[in-house]
Amino acid sequence: SVFQNDLLNSAIFLSSLNTDMLLPRFVLPETRKNTGLEHFHSISQAIEKHLEVNISYFDYSTEKIKIKTIQPYLLKQKDFKWYVLAVDNSTPEIQFKSYALERIGEITTGKKFKSQVIDFQTPYRDALGMFTNGEAERIILQYDHRDGHYLKANPLHNSQKVVSEDDKTITFEFFVKPNEDLLMELMKRSWSVKIIEPTSLKCKMISLWKDALNRNLS
1 SVFQNDLLNS AIFLSSLNTD MLLPRFVLPE TRKNTGLEHF HSISQAIEKH
51 LEVNISYFDY STEKIKIKTI QPYLLKQKDF KWYVLAVDNS TPEIQFKSYA
101 LERIGEITTG KKFKSQVIDF QTPYRDALGM FTNGEAERII LQYDHRDGHY
151 LKANPLHNSQ KVVSEDDKTI TFEFFVKPNE DLLMELMKRS WSVKIIEPTS
201 LKCKMISLWK DALNRNLS
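Residue numbers for the sequence shown, in the numbering used here: 1 to 218.
Next comes the structure, spelled out in structure tokens:
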């Protein structure tokens with residue numbers, strides 16, 4: 001599962017630490033740091049004890065700090081960032097939300113809550129990252145050989161498969177949600193990617209590329 005993969009990656013890292021909790025000299029660590037780790041212990045303890053957590057949370061859209069009370073269930077890692085998957089007491093009609101740990105300021109534990117049975121696996125099954133919005137679609141992407149071989153070795157998603165290959169390009173099929181995480185992945189390899197299907201995704205990316213071009217030409 002997606003959560004087992006997160007745990008495996010963390011376990012591999014932890015297993016490389018020596019008895020002094022230091023990396024051995026033959027391991028060169030990534031310069032980009034995991035963020036929000038100062039809250040990891042507090043939240044993991046709250047999850048184990050089924051305690052509500054009161055947090056001050058910075059909203060990137062409004063650029064304001066919001067005070068929230070959440071019921072934490074799981075921790076999930078994505079791209080050097082940790083998130084807590086939780087029920088927000090102010091929006092109980094929403095099954096769960098994800099909160100980036102580095103956006104949390106103050107944090108305190110509150111009262112005990114009754115744990116619910118929540119399906120966390122299904123929303124992430126057809127998602128690339130943290131965003132779970134949208135319906136999964138068949139997506140066809142074509143790359144040059146350099147990027148194509150990279151994706152063969154480092155699949156974007158477990159639904160990825162090669163559908164054709166010639167002397168210049170490699171074409172892949174995916175069944176994923178075409179949301180923000182997919183758009184960011186396509187941006188990473190803009191120099192190589194060609195979107196074959198669906199047309200709606202192609203049009204969305206063309207619009208983003210045009211906006212980027214106009215910003216940099218002005």
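Yeah, the Cβ is synthetic: ideal placement off N, Cα and C, and Gly gets one too. Owing to the predicted nature of the structure, the values given are computational and were not obtained by experimental measurement.
Next item on the list: Keeping to the same chain, check which residues put their C-beta closer than 8 Å to that of Lys111; ignore five residues upstream and five downstream.
Entry: Around Lys111: Leu51, Glu52.
Check: Identify the residues that DSSP records as bridge partners of Lys97: which are they?
Finding: Ala86
Checklist line | Straight-line Cα distance separating Arg125 from Tyr220 | finding: Missing from the structure shown is residue 220; the chain here goes from 1 to 218 and no further.
Check: What do you get for Gly148, buried or exposed, if any count of 16 or more other CB atoms within 10 angstroms of its CB means buried?
Finding: Taking all protein chains shown into account, Gly148 has 16 or more neighbouring C-beta atoms within 10 Å of its C-beta and is therefore buried.
Item checked: Per-residue burial, Ile67 [other beta carbons within 10 Å of its own, 16 or more giving buried] -> exposed
Notebook entry, point to check: Taking Cβ positions, are Val193 and Tyr143 nearer each other than 8 Å?
Noted result: yes
Check: Hey, which unbroken runs of the beta strand (DSSP E) at 3 residues or more fall wholly within the segment 148-193?
Finding: You should have 161-165, 169-176.
Notebook entry, point to check: Residues bridged to Ser56 by DSSP?
Noted result: DSSP, once it has assigned bridges, lists Ile67 as partnering Ser56.
Next item on the list: Look up Gln116 in the DSSP assignment and say whether it is helix, strand or coil.
Entry: Here Gln116 sits in coil by DSSP.
Next item on the list: On a CA-only basis, which of Ile140, Asn154, Thr31 is nearest Ile195? Give me that one, please.
Entry: Ile140
Next item on the list: Return the bridge partner residues of Ile196 from the DSSP annotation.
Entry: According to DSSP, which records beta bridges pairwise, Ile196 is partnered with nothing at all.
Checklist line | N-terminal and C-terminal residue of the beta strand (DSSP E) that Glu137 is part of | finding: 137-144
Check: By Cβ distance, which residues of its chain are closer than 6 Å to Glu180, with the 5 residues on each side in sequence left out?
Finding: Cβ neighbours of Glu180 beyond the five flanking positions: Phe131.
Margin query: Measuring alpha carbon to alpha carbon, tell me which residue in Gln71, Ser164, Lys49 is nearest Tyr99.
Written below: Gln71
Next item on the list: Can you tell me which of Asp79, Glu135, Asp59, His39 puts its alpha carbon nearest to the alpha carbon of Arg32?
Entry: Asp79
Notebook entry, point to check: With Leu37 and Trp82 assumed to form a contact (beta carbons below 8 Å), what rounded beta-carbon distance in angstroms separates them?
Noted result: 7 Å
Notebook entry, point to check: Roughly how many angstroms lie between the CA atoms of Lys114 and Thr199, to the nearest whole one?
Noted result: 45 Å
Notebook entry, point to check: Exposed or buried, which one is His41 when buried takes at least 16 other CB atoms within 10 Å?
Noted result: exposed
Notebook entry, point to check: Helix or strand or just coil, what does DSSP make of Leu51?
Noted result: strand
Next item on the list: Below 6 Å CB to CB, which residues in the same chain sit around His39 once its five sequence neighbours on both sides are set aside?
Entry: Leu101, Ile104, Ile107
Next item on the list: Pick out whichever of Thr171, Glu173, Lys204, Val117 has its Cα sitting closest to the Cα of Met184.
Entry: Lys204
Margin query: If I measure Cβ to Cβ from Phe174 and keep anything under 6 Å in the same chain, skipping five residues before and after, which residues do I get?
Written below: Ile139, His157, Ser159, Gln160
Margin query: Taking the alpha helix (DSSP H) that Pro123 belongs to, which residues open and close that run?
Written below: 121-125
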